[in-house]
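Chains A and B supply the protein sequences, listed in that same order.
Quick note on this note's numbering: the first sequence kicks off at 2 and runs consecutively.
Quick note on this note's numbering: the second sequence kicks off at 22 and runs consecutively.
Note that beta-carbon positions come from the ideal geometry of N, C-alpha and C, so glycine has one too.
From a predicted model like this one, the values you see are computed outputs, not experimental measurements.
All remarks here apply to the structure that follows.
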Amino acid sequence: MSEGSETAFLKTALSSLRPNSWKLLREHAEEIIRATPLPSQDQEEWKYIDLQSVFSQAYNPATNNIIKPLWIGASSATETAHSLLVITNGQLDSNQSNTSSVDNGIVFSSLTNSAKDFPEKHEYVGKLACPSNSDMFSNINTACFEDGVFIYIPKGRSPLTPLHIIFRATSQASDVTPIIFPRILVVLEPGAKAHIVEEYFGEGKYLTNSVLEIFLGEGASLAHDRTQHESMSAFHFCTLCIDIGQKAKYTSTSISMGGSISRQKPICKFTGEHGELELNYLSLVNTTQIADTHSTIEHQVPNCTSKQVQKFIVDNSAHGIFRGQIKVHQMAQGTSASQSSRNLLLAKDAKIDTMPQLEILADDVKCSHGATVGQLDAEELFYLQSRGLDLDSAKNILLVGFATDIINHISLPSIRNSLLQKVLKQG
Amino acid sequence: MNISLQNLTSQEYKYGFVTDIETDSVAPGLNEEVITTISKKKNEPSWLLEWRLRAYQHWQTMKYPNWAHLRYTVPDFQKIIYYSAPKPQQSKYSSMDEVDPELLRTFDKLGVPIEERKALAGVAVDVVFDSVSVTTTYKDRLAEKGVIFCSLSEAVREYPDLVKKYLGSVVPYTDNFFSALNSAVFTDGSFCFIPKGVKCPMDLSTYFRINNKESGQFERTLIVAEEGASVSYLEGCTAPRFDTNQLHAAVVELIALNDANIKYSTVQNWYAGDSEGIGGIFNFVTKRGLCKGKRSKISWTQVETGSAITWKYPSCILLGDQSVGEFYSVALTNHKQQADTGTKMVHIGRNTKSNIISKGISAGNSSNSYRGFVKIAPGAEGARNFTQCDSMLIGQTCSANTFPYIEAQNHTAKVEHEATTSRIGEEQLFYFQQRGIPIEEAVSMIINGFCKEVFRELPMEFAVEATNLLSLKLEGTVG
Numbered sequence: 002m003s004e005g006s007e008t009a010f011l012k013t014a015l016s017s018l019r020p021n022s023w024k025l026l027r028e029h030a031e032e033i034i035r036a037t038p039l040p041s042q043d044q045e046e047w048k049y050i051d052l053q054s055v056f057s058q059a060y061n062p063a064t065n066n067i068i069k070p071l072w073i074g075a076s077s078a079t080e081t082a083h084s085l086l087v088i089t090n091g092q093l094d095s096n097q098s099n100t101s102s103v104d105n106g107i108v109f110s111s112l113t114n115s116a117k118d119f120p121e122k123h124e125y126v127g128k129l130a131c132p133s134n135s136d137m138f139s140n141i142n143t144a145c146f147e148d149g150v151f152i153y154i155p156k157g158r159s160p161l162t163p164l165h166i167i168f169r170a171t172s173q174a175s176d177v178t179p180i181i182f183p184r185i186l187v188v189l190e191p192g193a194k195a196h197i198v199e200e201y202f203g204e205g206k207y208l209t210n211s212v213l214e215i216f217l218g219e220g221a222s223l224a225h226d227r228t229q230h231e232s233m234s235a236f237h238f239c240t241l242c243i244d245i246g247q248k249a250k251y252t253s254t255s256i257s258m259g260g261s262i263s264r265q266k267p268i269c270k271f272t273g274e275h276g277e278l279e280l281n282y283l284s285l286v287n288t289t290q291i292a293d294t295h296s297t298i299e300h301q302v303p304n305c306t307s308k309q310v311q312k313f314i315v316d317n318s319a320h321g322i323f324r325g326q327i328k329v330h331q332m333a334q335g336t337s338a339s340q341s342s343r344n345l346l347l348a349k350d351a352k353i354d355t356m357p358q359l360e361i362l363a364d365d366v367k368c369s370h371g372a373t374v375g376q377l378d379a380e381e382l383f384y385l386q387s388r389g390l391d392l393d394s395a396k397n398i399l400l401v402g403f404a405t406d407i408i409n410h411i412s413l414p415s416i417r418n419s420l421l422q423k424v425l426k427q428g
Numbered sequence: 022m023n024i025s026l027q028n029l030t031s032q033e034y035k036y037g038f039v040t041d042i043e044t045d046s047v048a049p050g051l052n053e054e055v056i057t058t059i060s061k062k063k064n065e066p067s068w069l070l071e072w073r074l075r076a077y078q079h080w081q082t083m084k085y086p087n088w089a090h091l092r093y094t095v096p097d098f099q100k101i102i103y104y105s106a107p108k109p110q111q112s113k114y115s116s117m118d119e120v121d122p123e124l125l126r127t128f129d130k131l132g133v134p135i136e137e138r139k140a141l142a143g144v145a146v147d148v149v150f151d152s153v154s155v156t157t158t159y160k161d162r163l164a165e166k167g168v169i170f171c172s173l174s175e176a177v178r179e180y181p182d183l184v185k186k187y188l189g190s191v192v193p194y195t196d197n198f199f200s201a202l203n204s205a206v207f208t209d210g211s212f213c214f215i216p217k218g219v220k221c222p223m224d225l226s227t228y229f230r231i232n233n234k235e236s237g238q239f240e241r242t243l244i245v246a247e248e249g250a251s252v253s254y255l256e257g258c259t260a261p262r263f264d265t266n267q268l269h270a271a272v273v274e275l276i277a278l279n280d281a282n283i284k285y286s287t288v289q290n291w292y293a294g295d296s297e298g299i300g301g302i303f304n305f306v307t308k309r310g311l312c313k314g315k316r317s318k319i320s321w322t323q324v325e326t327g328s329a330i331t332w333k334y335p336s337c338i339l340l341g342d343q344s345v346g347e348f349y350s351v352a353l354t355n356h357k358q359q360a361d362t363g364t365k366m367v368h369i370g371r372n373t374k375s376n377i378i379s380k381g382i383s384a385g386n387s388s389n390s391y392r393g394f395v396k397i398a399p400g401a402e403g404a405r406n407f408t409q410c411d412s413m414l415i416g417q418t419c420s421a422n423t424f425p426y427i428e429a430q431n432h433t434a435k436v437e438h439e440a441t442t443s444r445i446g447e448e449q450l451f452y453f454q455q456r457g458i459p460i461e462e463a464v465s466m467i468i469n470g471f472c473k474e475v476f477r478e479l480p481m482e483f484a485v486e487a488t489n490l491l492s493l494k495l496e497g498t499v500g
C-alpha cells in the first residue's frame with residue numbers, strides 16, 4: 002500500500018482488539034488489506050460512491066461498554082421474543098437476548114462462545130469471504146471481528162420460530178466514531194430448514210461493517226429477512242456470501258432505509274445442481290443518503306434458478322446505485338436467471354445509477370434482465386384522481402404499491418406492518 | 022445441438038486478396054517527425070500540424086485503456102506504418118483514367134460502385150485506400166445542390182474554415198487513447214457538408230480498405246448537416262488476409278444543427294482472422310454524433326461482422342431540445358472474434374429521445390458484449406430512452422454479455438432497458454426441416470428474423486448485402 006493511503010480509517014480499524022482465534026485467517030486478511038489500495042472512484046467497483054467521508058474519519062473500535070437498553074423496542078417483532086439475540090456494539094447483550102424457545106441441537110448463540118463446542122464448523126469462517134478474493138471491507142471484518150452469531154441447524158431439523166438477530170449501535174460518549182464488525186456464520190446441514198431475521202438499528206454516528214457467511218447443504222432451505230434501519234448519520238457496509246448446495250433454496254428479502262452511506266454486497270454461488278435463489282431487495286433513500294447494492298450471482302453448475310428484483314425509491318437529493326452481475330459459466334447449461342432493476346425517482350435532485358449485467362457462456366439458458374427508471378406514472382395518478390382521490394393520496398397508493406411488492410415477502414407480520422407504516426410516512 | 026449440427030466448415034473471406042501496387046509509405050514508428058512528414062506530404066496548413074502535435078503530446082500522457090471485455094495483445098505502436106498511399110501520389114486524380122488500373126480492378130473485385138458505369142447504383146462514393154482518399158464520384162451533381170463531399174485532405178485545402186470550425190468539436194483529441202492517436206496521425210477520410218435546407222439527393226458512401234501489411238488505418242470522417250438538411254451516409258470496409266493484426270483507429274464526427282437529420286450506416290467486414298484467431302483487424306473506432314440543434318436527429322445503424330476485435334460505441338450527444346438519437350446494431354462474432362460494442366446516449370436537452378436496438382449473435386469460440394451507456398443529465402426534462410438488447414448463442418463455446426450503464430439524474434425522465442438471450446433451438450430447426458427447408462437456409466431465416474428490426478433501418482442495397490454477409494459468415498456453424 003502506498004504511503005499516503007494509510008488513512009485514519011485503516012489505522013484505527015486495524016488497531017481493534019482481536020481475539021486470538023482465527024489467527025492465521027486474520028493475518029492473511031491484514032496482509033491483503035495492506036497490499037491493496039483503498040477503494041476509490043477510479044476503481045470500477047466504487048465508481049459512483051465517494052468514500053472520502055468514510056476514510057477521513059478517525060474511528061474507535063467499539064468497546065465493551067454495554068449501552069443502556071434504549072430502544073430494544075425499536076424492532077417491532079413480537080413473534081420472536083424467545084428466539085432473539087441482541088448484539089450491542091458488536092458484543093452479545095445477554096440481558097436483552099432470550100433463546101429459551103430454541104430446541105436442543107440447534108445452535109443460536111454468540112460466535113466466539115460456541116467456538117469451542119464446534120471447532121470443525123468454525124473452520125467455515127473465512128471460507129466464502131476468503132481474504133484473497135474479497136473486498137477491503139470484508140477483509141477488515143475478517144481481520145478484526147470480535148464476536149457475532151453462529152447458527153447451526155442439524156440435518157433435517159428446523160427451529161419452530163424464526164431466529165431473530167438485532168444489531169444495535171450507538172456512538173459512545175467520546176467524539177471518536179465507533180466501528181463495529183458483526184460476523185455471522187450460518188450452517189444448514191442437508192435437509193435443514195430455517196428462517197432468520199436480521200435487523201440493524203442505531204443512533205448517532207458509527208460505522209457497521211458486517212460479514213455473513215451462509216452454507217446451505219443438500220436440500221436445505223433458508224428464508225432470510227433483513228431490515229436495515231441504521232441511524233441517518235451512520236455508515237453501513239455489509240457483505241453476504243451464500244453457498245447454495247444441491248437442491249438447496251435461499252430466499253432473501255432485504256429492506257434498507259438507514260445510513261448516510263450504505264452498501265450491501267450479496268455474493269451468491271450455486272455449488273450443486275437444481276439450487277434456487279430469490280433476492281427481493283428494496284432500498285428507500287431520502288435527504289442526501291447514498292445506498293448501493295452490489296450483487297453477484299454465479300451459476301457454476303447446471304440447472305439452477307435465480308430470480309432477483311432490486312427496487313429503489315429515491316427522494317430529495319439521495320442517490321441509489323445498483324450493480325448486479327449474473328455470470329453463467331460454460332458448465333451451467335439449463336440455467337434460468339432473471340434480474341430486474343426498478344427505480345422510482347421522486348424529486349428533482351434524486352439520482353440513480355443502475356447496471357444490470359449478464360455474462361453468459363452457456364447456450365442452453367434462459368436469461369433476461371430489465372431496468373426501468375422513472376417517476377410515478379402520470380396516467381395512473383390521473384386514474385386514481387378521477388376516482389376522487391386527491392393527488393397526495395394517489396401518490397401514496399402508487400408508492401406503497403411499488404414497495405409492497407417487496408415488503409410482502411417479509412414473513413413476520415409485525416415487521417411487515419411496521420415497514421408498510423414507514424413507507425406510508427415517507428410518501 | 023447434436024454432433025451433425027456441429028460439422029464445422031469455415032467460410033473463406035472473399036475480400037482477403039492483396040493488391041500489388043506501389044505505395045508511398047513512411048517508416049514504421051511514431052514520433053513528431055513522422056507526424057510532421059505526414060502533414061507535409063499532405064500539404065497541410067500549419068494550424069492542422071500544430072493540432073496534430075498537441076494531440077500527440079497528449080497521447081503520450083495517456084494510459085492504454087483495458088476496461089473492455091476483450092483479450093488480446095496490445096499493438097506495438099512503434100511497429101505500425103502511419104502513412105501508406107498508392108503511388109503515384111499526385112495532387113488528386115482528375116478523372117478515372119488516371120487511377121492505377123490495378124487499383125480499379127481491386128474495387129471491381131470488391132464490388133464497389135466506383136466507376137461511372139455503375140451509375141445505376143446511384144451512390145456517390147469516396148474511396149479510402151490504406152491512408153489516402155483515392156477518388157470521389159458524383160461530385161458535380163452534388164455540387165449543384167451545394168453539397169460538399171470530398172476527401173478530408175481536400176476539404177482542409179478548399180474549405181479550411183469549415184474544417185477548422187468542426188474538426189475535433191465532437192470528439193476532441195483528449196477524448197480517449199485512440200482518438201488522440203487518430204488526431205495525431207490521421208491521414209485522410211471523408212468530409213461532407215450539407216447546407217441549410219438541402220436534402221442530399223443521393224446516398225453518400227465511403228469505402229475503406231487496408232491493403233498494406235504493416236499499415237494502420239487512421240481515417241477521420243466529418244459530416245455537418247446545417248439547419249433542416251438531411252443526409253444518408255454509408256460506410257463499408259474490407260481488408261486483405263494477413264497473419265498479423267492491423268490496427269484501424271478511426272474517428273467519425275457528426276454534427277446536426279436545428280431540424281437536421283443524419284443517418285449513418287456501416288457494414289463492417291474487415292478481415293476477421295482465421296478460425297484459429299490468427300490475424301485480423303483490430304477495429305478500435307470512436308464514432309460520435311452531436312445533435313446540436315433543436316429537433317435534430319442522428320441515427321446510427323451498424324452491421325458488424327468482421328474484425329478480430331471490434332471495440333466501438335457510436336454515440337449521440339442529445340444537446341438540442343427534442344433531439345433524437347438512434348442506434349441499431351447487429352454484431353456477429355464467429356470463431357475467435359471478440360466484439361465489445363454498443364452505444365452511448367447522453368441526454369442533455371429537454372424532451373430528448375433515444376432508441377437502442379442491439380442484436381448480438383455469437384458462434385464458435387467468440388465473445389460478444391453489448392456495452393451501453395444512457396445518461397440523463399439533470400436538465401433533461403422529459404427525456405426518454407428505450408433499450409433492447411438481444412443475444413443469440415450458437416454453440417456451447419461462445420459467450421454473450423450485456424453491460425448496460427444507466428445514470429439518471431432527472432426524475433421526469435423515463436428509461437427502460439431490457440435484455441434477453443436465446444439460441445437456435447433444435448425444435449426450431451426440426452420444424453424447418455420438416456417443411457423441406459434445408460438447415461442452412463433455416464438458420465439464415467431465423468437469424469434474419471432475429472435481426473429484422475435492424476435490417477429494416479438499412480438502406481436497400483446495404484440490407485441485401487448485410488443479409489448475404491450474415492449467411493456467409495455463419496455458414497457451417499450449424500449443419
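- The Cβ atoms of residue 388 of chain B and residue 420 of chain B lie closer than 8 Å to each other.
- Against chain B, a Cβ distance below 7 Å from residue 300 of chain A picks out nothing, because the smallest value is about 12 Å.
- The alpha-carbon of residue 327 of chain B is positioned some 39 Å away from that of residue 352 of chain A.
- Cβ neighbours of residue 176 of chain B within its own chain (closer than 6 Å, five residues either side excluded): 184, 212.
- The closest CA to that of residue 308 of chain B, considering only B:284, B:337, B:288, B:325, is found on B:337.
- Exclusion of the five residues before and after residue 93 of chain B leaves 266, 303, 329, 330, 359 as the residues of its chain whose Cβ lies within less than 8 Å of its Cβ.
- Residue state for residue 79 of chain B is assigned as helix, using DSSP reduced to three classes.
- Here the alpha carbon of residue 408 of chain A sits roughly 16 Å from the alpha carbon of residue 259 of chain A.
- Looking at the DSSP output, residue 203 of chain A shares a beta bridge with A:170.
- The segment 425–434 of chain B and the segment 391–402 of chain B touch, with three or more beta-carbon pairs separated by less than 8 Å.
- Taking 8 Å as the CB threshold, residue 349 of chain A lines the interface with chain B.
- Cβ neighbours of residue 100 of chain A within its own chain (closer than 8 Å, five residues either side excluded): 83, 84, 85, 86, 109, 110.
- Here residue 131 of chain A is not near residue 14 of chain A, since their CB atoms are 8 Å or more apart.
- At a cut-off of 8 Å between C-beta atoms, residue 439 of chain B counts as an interface residue with respect to chain A.
- Taking the Cα positions, residue 197 of chain A is about 5 Å away from residue 225 of chain A.
- Cβ proximity to chain A below 8 Å picks out 421, 422, 423, 424, 425, 426, 427, 428, 429, 430, 431, 432, 433, 434, 435, 436, 437, 438 from the segment 421–438 of chain B.
- When Cβ-Cβ separations below 8 Å define contact, residue 417 of chain B makes contact with chain A.
- Per the coordinates, the alpha-carbon of residue 49 of chain A lies some 7 Å from the alpha-carbon of residue 42 of chain A.
- Nearest Cα to residue 157 of chain A within the set A:320, A:385, A:416, A:107: A:107.
- Closest option to residue 273 of chain A, judged by alpha-carbon separation, among A:266, A:246, A:252, A:267: A:246.
- For residue 24 of chain A, not one C-beta of chain B is nearer than 8 Å to its own C-beta.
- For residue 177 of chain B, the enclosing alpha helix (DSSP H) covers residues 173–179.
- Contact check between the segment 200–218 of chain A and the segment 377–391 of chain A: fewer than three CB pairs, one atom from each, fall below 8 Å, which does not count as touching.
- At a C-beta separation below 7 Å, residue 366 of chain A has these neighbours in chain B: 442.
- About 5 Å separates the Cβ atoms of residue 261 of chain A and residue 234 of chain A, confirming a contact at the 8 Å cut-off.
- Counting only Cβ-Cβ distances below 7 Å, residue 357 of chain A has contacts in chain B at 425, in chain order.
- Residue contact check for residue 373 of chain A against chain B: a CB pair falls below 8 Å.
- At a beta-carbon threshold of 9 Å, the residues of chain B lying near residue 360 of chain A are 90, 390, 420, 421, 422, 423, 424, ordered along the chain.
- Taking the beta carbon of residue 45 of chain A as reference, the chain B residues within 9 Å of it are 88, listed in sequence order.
- Counting the other CB atoms within 10 Å of its CB gives residue 79 of chain A a total below 16, which places it among the exposed residues.
- Around the Cβ of residue 80 of chain B, a 10 Å sphere holds 16 or more other Cβ atoms; the residue is buried.
- Contact between residue 433 of chain B and residue 376 of chain A holds, since their C-beta atoms are separated by about 6 Å, short of 8 Å.
- Secondary structure at residue 414 of chain A: helix, using DSSP grouped into helix, strand and coil.
- Distance from residue 304 of chain A to residue 275 of chain A at the Cβ level is roughly 5 Å; contact confirmed, criterion being Cβ atoms closer than 8 Å.
- Here the alpha carbon of residue 148 of chain A sits roughly 10 Å from the alpha carbon of residue 116 of chain A.
- Linking residue 289 of chain A to residue 391 of chain A through their CA atoms gives a straight-line distance of about 28 Å.
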